[in-house]
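Number of protein chains: 2
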Amino acid sequence: MTLQSDLSANPTSEEVAASLRRAILAHRVGPGSKLVEDEVGDVFGVGRTIVRTALQSLSHEGLVTIIRNRGAFVADPGIREAREVFEARALLEPRTSRSAAQRVTAAGIEGLRAHIAAEHRALESGDLGQAVYLSGLFHTAIADMADQSTIAGMISTLVSRSSLVVALYWRRPQALCESHAHHALTDAIAAGDGDKAEDLMKGHLLDLLANLDLRERSVIGGSLRDAILAG
Amino acid sequence: MTLQSDLSANPTSEEVAASLRRAILAHRVGPGSKLVEDEVGDVFGVGRTIVRTALQSLSHEGLVTIIRNRGAFVADPGIREAREVFEARALLEPRTSRSAAQRVTAAGIEGLRAHIAAEHRALESGDLGQAVYLSGLFHTAIADMADQSTIAGMISTLVSRSSLVVALYWRRPQALCESHAHHALTDAIAAGDGDKAEDLMKGHLLDLLANLDLRERSVIGGSLRDAILAG
DNA sequence: GACAATTGAATTGTATACAATTTCAGCTCA
DNA sequence: TGAGCTGAAATTGTATACAATTCAATTGTC
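Protein sequence lines, in the order shown, are assigned to chains Y and P.
Going left to right, the first sequence walks through residues 1 to 231 as this note's numbering numbers them.
Going left to right, the second sequence walks through residues 232 to 462 as this note's numbering numbers them.
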């Protein structure tokens, strides 16, 4: 099994973190999975120092939980945290969508539509994890359009954490982020209609929250190596 | 010169980070200052490994900027970033103040008043940096009362970064966070008046922003060792 | 069989050695 | 003078050795 092309010969900690991030966001490693330093280091051909830095990075994003002397685990948000993440998004994203609509560019809209298309393709090909990942990218792309990098960074982190929440609590794997909502949002932004964009985003987030089953949970297992290398 | 009492014999990276954080937030090390790993390690009696972890932690909080092969520097936010930080706070804090008012407890109010008193004392004793630090703790304390740890964490980070912004762009060092605003906020929260708390916080943040001079900048120098050990 | 104690393997925490890179003082030359 | 060069010193990046801790399997006891 060979390494992926997006990994350079001597990866930096940020490259390792990015690769692990994708694996987590696409649900190729499930919440709670142990991330052993040596094991990860072998996958990327680096020492523990770099892996350690990457894991610390991901822990600051809330994607990984580090317990002293016990190691790093893919974060396993509880029901409380799941709610909190969406409440935080509800404070940030609607107004940010409004800003995005006010600063809309042709390139921005093109990007949003490309994200929707990619997500659609992933869903059709049955790659559910990838679809969740791409659905998150759509939200992040909107935040980036608002030209507020601080807020965009926070939203990006929250969207990432939402991916874990979805892995654990999503009700109906078939009907993910109904791309209808994403289409409508894109249209409102393209039209420069800030009011509508804000409303649509608010509704969309409520919709997502409503589709979470905040009682039970699912589990995902498998080989760490395969999971990281597959994407 | 001896080490401080709040530092254990073998500090963890989090303890080192906390100590550095206080030094930065109290303006004992100015924006742009270089933080040399060996130098910091000598101050705390630890190797570079722990210092490195601490610095990475602070860099994720936006208090330190790490440039590859060049090292770590106290963050030096530009005008753009200064605005963004306050715009983000404007999205989060007013509604969080409302939540705090709705869940108010006697202990919470007591804590807020203690923060105000401490800030007042620091101002009277002329320790401006300490006053800025304590003023930030007041805002963080409100966020904690709202019982939303995710949002509270984001606010805490933004408040920290605001301290750097204040160090660089504050107009009138004498009239800091006029504790009048903090008193009024505390009263509204104590009364459980969510509407008023939200409004007051919104106004308070606008007031802070208005007191920034987003054109010029000041510089602070001195010995790193003294700065860290002084507080 | 269930449970606690024991002990060796696996894993993480830290310092440190060495390599790679940057910094800077001293030098040269226009 | 000042711009560019040079090499030594300072600093950071990475792997690794060793210590400390946790984990897991085995044994022994009830």
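Beta carbons are placed, not taken as given, at the ideal position from N, Cα and C, and that holds for glycine.
Note that this is a predicted model, so its numbers are computed, not measured.
1. Beta strand (DSSP E) containing P:Val271: first to last residue?
2. Can you name, in chain order, every residue of its own chain whose Cβ lies under 6 Å from the Cβ of Y:Glu198, other than the five neighbours on each side?
3. Strictly below 7 Å CB to CB, what residues from chain P border Y:Val85?
4. From P:Ser236 to P:Ser250, what distance separates their C-alpha atoms?
5. My parser needs the alpha helix (DSSP H) runs of 4 or more residues fully inside the region 289-356 of chain P; what are they?
6. With a Cβ-Cβ cutoff of 7 Å, do P:Ala398 and P:His435 count as a contact?
7. Using the Cβ count rule (16 or more neighbours within 10 Å means buried), how would you classify P:Ile382?
8. Give a yes or no on whether the minimum CB-CB distance between P:Met376 and chain Y is below 7 Å.
9. Can you tell which of P:Glu245, P:Ala349, P:Arg301, P:Asp444 has its C-alpha closest to the C-alpha of P:Ser410?
10. Please tell me whether, using a cut-off of 6 Å, the distance from the CB of Y:Leu208 to the nearest non-hydrogen atom of the ligand SAH is below it.
11. Which residue's Cα is closest to the Cα of Y:Arg70: Y:Glu37, Y:Ser160, Y:Val16, Y:Glu15?
12. Can you name the residues of chain Y whose CB is closer than 9 Å to the CB of P:Glu312?
13. Could you name the residues of the same chain whose beta carbon sits closer than 6 Å to that of Y:Val40, not counting the 5 residues immediately before and after it, in chain order?
14. Might you give, ordered along the chain, the residues of its own chain that have their beta carbon closer than 6 Å to the beta carbon of P:Asp444, omitting 5 neighbours on each side?
15. Provide the residue(s) that pair with Y:Lys34 in DSSP beta bridges, ordered along the chain.
16. Are Y:Val165 and Y:Val85 closer than 7 Å when you measure CB to CB?
17. I need the DSSP call for Y:Leu137, collapsed to helix, strand or coil.
18. Give the straight-line distance between the Cα atoms of P:Ser264 and Y:Gly126, rounded to the nearest whole angstrom.
19. How far does the alpha helix (DSSP H) with Y:His27 in it extend, from its first residue to its last?
20. What's the C-alpha gap between Y:Arg113 and P:His351?
21. Taking its Cβ as the centre, do 16 or more other Cβ atoms sit within 10 Å of Y:Asp144, making it buried, or is it exposed?
22. Thinking just about the alpha-carbon of each residue, which of Y:Arg161, Y:Leu91, Y:Ile155, Y:Ala184 is nearest to the one in Y:Thr65?
23. Is it buried or exposed, Y:Met1, if we count other Cβ atoms within 10 angstroms and call 16 or more buried?
24. When we look at the beta-carbon of Y:Leu35 and count the other beta-carbons within 10 Å, is it buried (16 or more) or exposed?
25. Using a Cβ cut-off of 7 Å (strictly closer), state whether Y:Ala88 contacts chain P.
26. With a threshold of 7 Å between beta carbons, is Y:Leu168 in contact with chain P?
27. Helix, strand or coil: how does DSSP classify Y:Leu212 here?
28. Output the distance between the C-alpha atoms of Y:Pro11 and Y:Leu58, rounded to the nearest integer angstrom.
29. Mind listing the chain P neighbours of Y:Arg113? Cutoff is C-beta to C-beta under 8 Å, in chain order.
30. So, helix, strand or coil for P:Thr233, using DSSP?
31. Does the Cβ-Cβ distance between Y:Ser163 and Y:Gly194 come in under 7 Å?
32. In chain P, which residues lie less than 7 Å from Y:Gln56 when you measure between Cβ atoms?
33. Check each candidate in P:Ala319, P:Arg320, P:Gly293 and name the one with the smallest Cα separation from P:Leu307.
34. Using the rule of at least 16 other Cβ atoms within 10 Å of the residue's Cβ for burial, across every protein chain shown, is Y:Ala251 buried or exposed?
35. In chain Y, what lies closer than 7 Å to P:Leu323 by C-beta?
The structure says:
1. Within the second sequence, numbered from 1, the residue matching residue 271 of chain P stands at position 40. Where P:Val271 is concerned, there is no enclosing beta strand (DSSP E), although the alpha helix (DSSP H) it sits in stretches over 268-275.
2. Stepping through the first sequence from its first residue, residue 198 of chain Y is reached at position 198. The beta carbon of Y:Glu198 is closer than 6 Å to those of Pro94, Ser97, Arg98 in its chain, skipping five residues each way along the sequence.
3. On the first sequence, position 85 is the one that residue 85 of chain Y refers to. Neighbours of Y:Val85 on chain P, chain order: Thr381.
4. If you number the second sequence from 1, residue 236 of chain P lands on position 5. If you number the second sequence from 1, residue 250 of chain P lands on position 19. Caution is warranted here: a pLDDT of 33 is assigned to P:Ser236, below 50, making its placement in the model unreliable, and no coordinate value can be reported.
5. Taking 4 residues as the minimum length, the alpha helix (DSSP H) runs contained wholly in the region 289-356 of chain P are 310-333, 337-355, in order along the chain.
6. Counting from 1 along the second sequence, the entry for residue 398 of chain P is found at position 167. Counting from 1 along the second sequence, the entry for residue 435 of chain P is found at position 204. No, the Cβ-Cβ distance between P:Ala398 and P:His435 is not below 7 Å.
7. Here residue 382 of chain P is taken as the residue at index 151 of the second sequence, counted from 1. Here P:Ile382 is buried, its C-beta having at least 16 other C-beta atoms within 10 Å.
8. In the second sequence, the residue the question calls residue 376 of chain P occupies position 145. No, P:Met376 does not count as interfacial toward chain Y.
9. For the purposes of this step, residue 410 of chain P is identified with residue 179 of the second sequence, where counting begins at 1. If you compare the alpha carbons of P:Glu245, P:Ala349, P:Arg301, P:Asp444 with that of P:Ser410, the shortest gap goes to P:Ala349.
10. The ligand SAH is not part of this structure, which contains no ligands at all.
11. In the first sequence, the residue the question calls residue 70 of chain Y occupies position 70. Looking at the Cα atoms, Y:Glu37 is the closest of the given residues.
12. For the purposes of this step, residue 312 of chain P is taken as residue 81 along the second sequence, with counting starting at 1. Ordered by position in chain Y, the residues that pass the 9 Å Cβ test against P:Glu312 are Ser149, Thr150.
13. In the first sequence, residue 40 of chain Y corresponds to position 40, counting from 1. Apart from the 5 residues on each side of it in sequence, Y:Val40 sits with its Cβ closer than 6 Å to the Cβ of Val51 in its chain, given in chain order.
14. Numbered from 1 along the second sequence, position 213 holds the residue referred to as residue 444 of chain P. Correct list, in chain order: Tyr400, Arg402.
15. In the first sequence, residue 34 of chain Y corresponds to position 34, counting from 1. Looking at the DSSP assignment, Y:Lys34 forms a beta bridge with Y:Phe73.
16. If you number the first sequence from 1, residue 165 of chain Y lands on position 165. If you number the first sequence from 1, residue 85 of chain Y lands on position 85. Yes, they are a contact pair.
17. Sequence index remark: in the first sequence, residue 137 of chain Y carries index 137 (1-based). In this structure, Y:Leu137 counts as helix in the three-state DSSP scheme.
18. One-based indexing of the second sequence puts residue 264 of chain P at position 33. One-based indexing of the first sequence puts residue 126 of chain Y at position 126. Between the alpha carbons of P:Ser264 and Y:Gly126 lies a gap of roughly 52 Å.
19. In the first sequence, counting from the first residue as 1, residue 27 of chain Y sits at position 27. Where Y:His27 is concerned, there is no enclosing alpha helix (DSSP H), because DSSP gives it neither an H nor an E.
20. Sequence index remark: in the first sequence, residue 113 of chain Y carries index 113 (1-based). Sequence index remark: in the second sequence, residue 351 of chain P carries index 120 (1-based). Spanning the alpha carbons of Y:Arg113 and P:His351 requires a straight line of approximately 54 Å.
21. By one-based count along the first sequence, residue 144 of chain Y stands at place 144. Y:Asp144 is buried by the Cβ-count criterion.
22. The residue labelled residue 65 of chain Y in the question sits at position 65 within the first sequence. Looking only at Y:Arg161, Y:Leu91, Y:Ile155, Y:Ala184, the smallest Cα-Cα distance to Y:Thr65 is reached by Y:Arg161.
23. Position 1 of the first sequence holds residue 1 of chain Y. Because the pLDDT of Y:Met1 is 33, which lies under 50, any placement of that residue in the model is unreliable, and the number read from its coordinates should be weighed accordingly. Label assigned to Y:Met1: exposed.
24. The count along the first sequence starts at 1 and reaches residue 35 of chain Y at position 35. Buried is the label assigned to Y:Leu35, since at least 16 other Cβ atoms lie within 10 Å of its Cβ.
25. Here the question's residue 88 of chain Y lines up with position 88 in the first sequence. True, the Cβ-Cβ gap to chain P drops below 7 Å.
26. As a first step, residue 168 of chain Y must be located in the first sequence, where it is residue number 168. Answer no: the Cβ-Cβ gap between Y:Leu168 and chain P never drops below 7 Å.
27. Looking up residue 212 of chain Y in the first sequence gives position 212. Residue state, collapsed to three classes: strand.
28. Reading the first sequence from its first residue, position 11 is the one you call residue 11 of chain Y. Reading the first sequence from its first residue, position 58 is the one you call residue 58 of chain Y. Each residue's alpha carbon lies about 16 Å from the other.
29. In the first sequence, residue 113 of chain Y corresponds to position 113, counting from 1. Residues of chain P whose Cβ lies closer than 8 Å to the Cβ of Y:Arg113 do not exist, since the nearest Cβ in that chain is about 27 Å away.
30. Stepping through the second sequence from its first residue, residue 233 of chain P is reached at position 2. Confidence in P:Thr233 is poor, its pLDDT being 32 and thus under 50, which makes the residue's placement unreliable; the coordinate value appears in the next sentence. Coil.
31. Numbered from 1 along the first sequence, position 163 holds the residue referred to as residue 163 of chain Y. Numbered from 1 along the first sequence, position 194 holds the residue referred to as residue 194 of chain Y. No.
32. Here residue 56 of chain Y refers to the residue found at position 56 when the first sequence is read from its first residue. Under the 7 Å cutoff, chain P gives Thr284, Gln287.
33. Numbered from 1 along the second sequence, position 76 holds the residue referred to as residue 307 of chain P. This sequence places Asp at residue 307 of chain P; Leu is not what is there. With respect to the C-alpha of P:Asp307, the residue from P:Ala319, P:Arg320, P:Gly293 having the closest C-alpha is P:Gly293.
34. Absent from the structure is residue 251 of chain Y, since the part of chain Y shown begins at 1 and ends at 231.
35. By one-based count along the second sequence, residue 323 of chain P stands at place 92. Those are Leu91, listed as they occur along chain Y.
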